[in-house]
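See below for the structure under consideration.
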Amino acid sequence: MSKALLFSTSTCSWCRRAKRYFKERGVPFKEINIERDAAAARDIVRKTGQTGVPVIKIGSRWIVGFDKEQIDKELARKAS
Numbered sequence: 024m025s026k027a028l029l030f031s032t033s034t035c036s037w038c039r040r041a042k043r044y045f046k047e048r049g050v051p052f053k054e055i056n057i058e059r060d061a062a063a064a065r066d067i068v069r070k071t072g073q074t075g076v077p078v079i080k081i082g083s084r085w086i087v088g089f090d091k092e093q094i095d096k097e098l099a100r101k102a103s
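Okay, so the sequence shown: first residue is 24 according to the numbering used here, each after it adds one.
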């Protein structure tokens with residue numbers, strides 16, 4: 024089961040960094056490309072108010088952007 028959901032686009036360099044970060048740390052994640060999934064794109068705008076990517080969901084927490092500190096905090100919370 025995924026620990027994180029990563030909403031991305033194919034041209035987003037910060038999305039690639041987020042994927043690399045998860046892979047290097049062995050964090051299972053599911054990537055949803057919002058270029059191909061219009062419903063997911065609308066969903067993240069509705070839930071976060073943001074149109075930019077990456078948007079990461081860990082547990083019930085939404086993280087907008089590649090914020091390592093927040094990602095690590097939420098992964099630690101999810102692990103405990």
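Cβ coordinates follow ideal geometry from the N, Cα and C atoms, glycine included.
Inset, instruction - Answer yes or no: does any C-beta atom of chain D fall closer than 8 Å to that of R69? - result: Judged by its chain identifiers, the structure shown contains no chain D, having just a single protein chain.
Legend entry - Beta-carbon separation (whole angstroms), L28 vs K101, contact threshold 8 Å: Not really, about 12 Å apart at Cβ, beyond 8 Å.
Legend entry - Endpoints, beta strand (DSSP E) assigned at V68: Looking at the DSSP string, V68 is not in any beta strand (DSSP E); the run it does join, the alpha helix (DSSP H), is 61-71.
Inset, instruction - Could you tell me the distance, in whole angstroms, from the CA atom of G82 to the CA atom of K91? - result: 16 Å
Inset, instruction - With S31 as the anchor, note down where its beta strand (DSSP E) starts and where it stops. - result: 27-31
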